[in-house]
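Quick notes on the structure that follows.
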Amino acid sequence: DPLVSDSELQEMSTQGSKYIDKEIQNAVKGVKEIKNLIEKTNEERKSLLSTLEEAKKKKEDALEETRDSEIKLKAFPEVCNETMMALWEECKPCLKQTCMKFYARVCRSGSGLVGRQLEEFLNQSSPFYFWMNGDRIDSLLESDRQQSHVLDAMQDSFNRVSGIMDTLFQDRFFTHEPQDTHYFSPFNFPHRRPHFLYPKSRLVR
Amino acid sequence: SILPLSPYGPLGFHDVFQSFLEMIHQAQQAMDPQFHRPAFQPLDMDFMRGGADNRTVCKEIRHNSTGCLRMKDQCEKCKEILSVDCSTNNPAQAQLRQELNDSLQVAELLTQRYNDLLQSYQRKMLSTSSLLEQLNDQFSWVSQLANLTQGEDPAYLHVSTVTTRTPDSDTPSQVTEVVVKLFDSDPITVVMPGEFPKDNPKFMDTVAEKALQEYRRKKRE
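Chains as they are written, first to last, in our numbering: chain P, 1 to 205; chain Z, 1 to 221.
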């Protein structure tokens, strides 16, 4: 035998539905709040992007200046050639030994290949590259390349997201407040579920 | 409009929210892969300054032997090269070298600053990504509502049975089991403690809350 009557079950359903109705309204309200947060974040992002562009310009100017100085310096005759070459010949084995010792201890794999590659690199390098801090310049150029790549990838991704979000937030749901508050509360239980919650087919029928 | 009473205009609740869900998913898909690519990691500028972690140094040595040049400070003869003074032979060259070193320092500093800004920018992007996630989390269950409301019953929650269990070896204290359906979901059984009488005004709020939690948990799965 049922412990509760049909009318009691109905009343319980009504009470529970009121709670669900409230939760749905909270979720819709929450969505609008998140939308505002996304917009605020986007404003901050735009401002940051403009700072980033300024910083990029300054960095690239400095890099260009460095490269100019490097080119000019390279054009000079190698006046200290003799001293430099002598030091370089003594520097190379020490550098190779230090580097290989580090590599074998820390990196472990592929020491043979790395050793040959390093020897070739040192033999091809000039002490003037070293003297002019060529390695630091190369690092900077490599950083520049990677930074550009990272920013491009982020921008590309964000542009796609931005297009989608613009379309989403231009929707009437976000741009128009319903005029009639009775119908605005689509979850206006308990009297009747609003028409638009019924599937179209049923309404058409 | 087939749905003239809808506050959302000619489109109904289902149409509006269904497209939301799809769009949020699309946005998440566009954003997320970027944060999982190794190339997306901001540069480790310590490496440039010679203080990189060992793994980065190993990678750099394998990739390009210039990584070994960072160890020049450990070789006296290499350090001497850097301090060779050619100014007696050519003062202009010395001047130019000084200019190069100065501009190099400035470029390194600006590159570092740029990297910091890039990291802030990345954090901002991550905030957007996390907001999209929240949007999805908060919203997906609502947007599935229309799909699950096929029945004629106007209630969002339908109580089908209420059973009270007297204490036994399995359940030492009395409990009330309420079987409910949310929209057109499968039945969900909510167990309420016996000391919470069903005529308590908060009883059904608690039942509905638990049922909704369970419903959302299943939807997330």
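Cβ atoms here follow ideal geometry from the backbone N, Cα and C, with glycine treated the same way. Because the structure is a prediction, the values reported are computed rather than measured.
Cβ contact annotation for Z/R216 (same chain, cutoff 6 Å, sequence separation greater than five): W141, in chain order.
The Cβ of Z/F20 sits closer than 8 Å to at least one Cβ of chain P. Counting C-beta atoms within 10 angstroms of its own C-beta, Z/V190 has 16 or more neighbours from the protein chains shown and is therefore classed as buried. Taking 8 Å as the threshold, the shortest C-beta distance from Z/T111 to chain P falls below it. At a C-beta separation below 7 Å, Z/K77 has these neighbours in chain P: L87, E90, C91, C94. Taking 7 Å as the cut-off between beta carbons, the residues of the stretch 64 to 81 of chain P near chain Z are E65, T66, S69, E70, K72, L73, F76, V79, C80, in sequence order.
Contacts with chain P at 8 Å (Cβ-Cβ) do not include Z/D186.
The C-alpha of Z/Y121 is placed about 14 Å away from the C-alpha of P/D156. Nearest neighbour of P/L63 by Cα position, chosen from Z/S65, Z/C75, Z/E99, turns out to be Z/E99. For Z/F139, the chain P residues whose Cβ falls inside 9 Å of its Cβ are A27, V28, G30, V31, I34, in order along the chain.
Between the stretch 100 to 118 of chain P and the stretch 56 to 75 of chain Z, the count of Cβ pairs shorter than 8 Å is three or higher; the stretches touch. P/V31: not part of any beta strand (DSSP E); member of the alpha helix (DSSP H) spanning 6 to 75, first to last residue. Looking at Z/E76, Z/L131, Z/K202, Z/D102, the one whose alpha-carbon comes closest to that of P/G30 is Z/L131.
Contact annotation: P/L113 and P/K92 have beta-carbon atoms that are not nearer than 8 Å. From the beta-carbon of P/G110, the residues of chain Z found nearer than 8 Å are R62. Put simply, the backbone Cα of Z/L182 is about 31 Å away from that of P/T167. Listed by position along chain P, the residues whose Cβ is nearer than 9 Å to that of Z/V84 are C80, T83, M84, L87, P127, W131.
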